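Engineer: In the numbering used here, the protein residues as written are 17 to 103. The structure follows.
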Amino acid sequence: LIYEVMDSVSLLKGKITKEDIIRILKVSFKGKASYSDLARLCSNQFGVKEERVAKLMRELKESGIIEKEQGKRGYWYIKELFSTLFG
Numbered sequence: 017l018i019y020e021v022m023d024s025v026s027l028l029k030g031k032i033t034k035e036d037i038i039r040i041l042k043v044s045f046k047g048k049a050s051y052s053d054l055a056r057l058c059s060n061q062f063g064v065k066e067e068r069v070a071k072l073m074r075e076l077k078e079s080g081i082i083e084k085e086q087g088k089r090g091y092w093y094i095k096e097l098f099s100t101l102f103g
């Protein structure tokens, strides 16, 4: 038998949750980021395809947790965070 030592990051590779996306958006981008920056960072950090990140972002938007600014290049942001600041 061959044993390999695995760190906690390796155990998480290939898996990402909606909570992970929200955490990255809050911590790495202060709650607001472009789609490409957010998807790329999540993809690289968790070892998933950008399509998986996009699917979870759509689900978060449908549930009202995150929102996208108007326009093709609008930023994605955490709705609750910015509604309390500017609402």
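Glycine residues also receive a C-beta, built at the ideal position from the N, C-alpha and C atoms. Keep in mind it's a predicted model, so treat the numbers as computed, not measured.
(1) Going residue by residue through the region 40-85, where are the continuous beta strand (DSSP E) segments of at least 3 residues, counting only ones entirely within it?
(2) Can the beta-carbon of K95 be found closer than 8 Å to that of I81?
(3) Closer than 7 Å by C-beta to E83: which residues in its own chain qualify, once you throw out the five before and the five after it? Chain order, please.
(4) With a 10 Å radius around its C-beta and 16 neighbouring C-beta atoms as the bar for buried, classify G47 as buried or exposed.
(5) Report all residues from its chain with a CB closer than 8 Å to the CB of I38; omit the five preceding and five following residues, and keep chain order.
(6) Drop a sphere of 10 angstroms on the beta-carbon of V43, count the other beta-carbons inside from all chains shown, and report buried for 16 or more, exposed for fewer.
(7) Tell me where the beta strand (DSSP E) around I94 begins and ends.
(8) CB-CB under 6 Å to E85, same chain, minus the five flanking residues each way: which ones, in chain order?
(9) Rounded to a whole number of angstroms, what is the C-alpha to C-alpha distance between T33 and R56?
Structural biologist: In terms of the structure at hand:
(1) The qualifying runs are 82-84.
(2) Counted from its first residue, the sequence shown places residue 95 at position 79. Counted from its first residue, the sequence shown places residue 81 at position 65. In contact: K95 and I81 (Cβ atoms closer than 8 Å).
(3) As a position in the sequence shown, residue 83 is number 67, starting the count at 1. Contacts found: K77, Y93, K95.
(4) As a working mapping, residue 47 is identified with position 31 in the sequence shown. Buried: at least 16 other Cβ atoms inside 10 Å.
(5) The residue you call residue 38 lines up with position 22 of the sequence shown. Excluding sequence neighbours, I38 sits near L76, I81, I82, I94.
(6) Residue numbering aside, residue 43 sits at position 27 when the sequence shown is read from its first letter. Its Cβ having fewer than 16 others within 10 Å, V43 is exposed.
(7) Here residue 94 refers to the residue found at position 78 of the sequence shown. It spans 92-94 - the beta strand (DSSP E) in which I94 sits, taken as one unbroken run.
(8) Translated into positions along the sequence shown, residue 85 becomes position 69. Excluding sequence neighbours, E85 sits near Y91.
(9) Within the sequence shown, residue 33 is the residue found at index 17, counting from 1. Within the sequence shown, residue 56 is the residue found at index 40, counting from 1. Going from the Cα of T33 to the Cα of R56 covers about 15 Å.
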